[in-house]
Amino acid sequence: MLSPDIVGRTFVGANSFAVTQESITEFCLAIGEPDFSVAPPTFSIKITLAESETLLKDSGLDWNRVVHGDQRFEINRPIIAGDSLRCSSTIESARMVAGNEIVSVRSDLHHETELVASSWSTLVVRA
Amino acid sequence: MSNYVVGQELAPHNFTINRELLVGYANASGDQNPIHQDEAFAKSVGLENVIAHGMFTMALAGRYVSAIAGSGTVKEFSARFLKPVVVPAGLDVELIVSGKVLEILDSAIKIEITAMCGDIKVLGMSKAVVKVK
Chain D
4 MLSPDIVGRT FVGANSFAVT QESITEFCLA IGEPDFSVAP PTFSIKITLA
54 ESETLLKDSG LDWNRVVHGD QRFEINRPII AGDSLRCSST IESARMVAGN
104 EIVSVRSDLH HETELVASSW STLVVRA
Chain R
-13 MSNYVVGQEL APHNFTINRE LLVGYANASG DQNPIHQDEA FAKSVGLENV
37 IAHGMFTMAL AGRYVSAIAG SGTVKEFSAR FLKPVVVPAG LDVELIVSGK
87 VLEILDSAIK IEITAMCGDI KVLGMSKAVV KVK
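Residue numbers (our numbering), protein chains in the order written: chain D, 4 to 130; chain R, -13 to 119.
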């Protein structure tokens, strides 16, 4: 179980993620997207899931038992090469359902002061 | 003015998922969980076989959504991972993605997305908001 005192807290990642054209092109090629001009809508998972993994492992959660339950993105503008994205993650809820722990994490990605995209991941920790 | 109407079915698109593509996605996304690449490992944790990253399946559905009005038009996108996409060695698994217009918004449309592997629905509650002219 996650400690209840971390629920609701926001953790700001130590480093910002420099978005390169190479990283966008690589992601596009991996999913078969022919237009490399902007990052595809799910590109930000590359940043946010790694941040969530670090945060939740540091909080004592067994990452090996984690299954992705659902995912939502709100995209204010497409991510582009040259963005320097800082990720802040908030554990919005953690609850037990039928022996599984269900953790909901919100991640906001800012370029300087601009909120570029937000995402919500529900992670299920199998019993 | 939008040319869309509520209830309109959008043409489906077939995507391919195979082991090579999963390796490529693992490298591009950074998600190197062995359940998506290593059959022995996947079976050791109780899975039927290697399974696709849920986010790879969602990324393919994202391509479908992006193609409606062009890159950079997707404002919202969500999905629930209902069932894993099982990917046996040496096989191409077919993912069929289709869409239906749910709502006409101010210069945008809300779409419901369906993603099927054979008769198995793999994404649920999947919706997207796309900016349209």
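A virtual CB, placed ideally from N, CA and C, is assigned to each residue, including glycine.
Val(-8)(R): buried (16+ other C-beta within 10 angstroms of its C-beta) or exposed?
Exposed: under 16 other Cβ atoms inside 10 Å.
Which residues in chain R have a C-beta closer than 8 Å to the C-beta of Ser40(D)? List them in chain order. Per Cβ cutoff of 8 Å: Ser57 and Gly58.
For Gln23(R), three-class secondary structure by DSSP | For Gln23(R), the three-state secondary structure derived from DSSP is coil.
Q: Check the Cβ of Tyr11(R) against every Cβ in chain D and list those closer than 8 Å, keeping chain order.
A: Within 8 Å Cβ-Cβ: Ala33 and Ile34.
Going by the DSSP bridge assignment, what does Ile97(R) pair with across the sheet? Ile97(R) is bridged to Val87(R) and Ala114(R).
Suppose the cutoff is 7 Å on Cβ atoms and the five residues either side in sequence are ignored; what does the same chain contact list for Arg68(D) look like? By the criterion of a C-beta distance shorter than 7 Å, Arg68(D) is surrounded in its chain by Val128 and Arg129, once the five residues flanking it on both sides are discounted.
Please state the DSSP three-state secondary structure of Phe46(D). Three-state DSSP puts Phe46(D) in coil, outside helix and strand.
Exercise. What does Glu77(D) touch in chain R if you count any residue whose Cβ is under 8 Å from its own?
Worked result: Lys61 and Glu62, listed in chain order.
| message | Report the CB separation of Thr28(D) from Phe39(D) in whole angstroms; it is logged as a contact under 8 Å. | response | Correct: roughly 5 Å between the Cβ atoms.
Item to complete: Look at the alpha carbon of Ser96(D) and the alpha carbon of Ile50(D), and state the distance between them as a whole number of angstroms.
Response: Cα to Cα, Ser96(D) sits roughly 21 Å from Ile50(D).
Can you name, in chain order, every residue of its own chain whose Cβ lies under 8 Å from the Cβ of Leu5(D), other than the five neighbours on each side? Taken in chain order, the residues that qualify are Leu59, Ser62, Gly63, Leu64, Ile94, Ala97, Glu104 and Val106.
*asked:* If I measure Cβ to Cβ from Asp17(R) and keep anything under 6 Å in the same chain, skipping five residues before and after, which residues do I get?
replied: Same-chain partners within the cutoff: His39.
Item to complete: Could you tell me which chain R residues have their CB closer than 7 Å to the CB of Gly102(D), listed as they occur along the chain?
Response: Within 7 Å Cβ-Cβ: nothing; Gly102(D) doesn't reach chain R, min ~15 Å.
Q) Quick one: any contact between the segment 41 to 51 of chain R and the segment -6 to 7 of chain R, if contact means 3 or more CB pairs under 8 Å? A) Touching, per the Cβ criterion.
For a contact defined as C-beta to C-beta under 7 Å, what are the partners of Met44(R) on chain D? Thr45 and Gln74, listed in chain order.
From which residue to which residue does the alpha helix (DSSP H) around Asn13(R) run? Looking at the DSSP string, the run of the alpha helix (DSSP H) that includes Asn13(R) is Arg5 to Ser15.
>> From the DSSP secondary-structure annotation, give me the bridge partner or partners of Phe30(D).
In response: Under DSSP, Phe30(D) shares a beta bridge with no residue.
- Does Ala130(D) have its Cβ less than 7 Å from a Cβ in chain R? The C-beta of Ala130(D) comes no closer than 7 Å to any C-beta of chain R.
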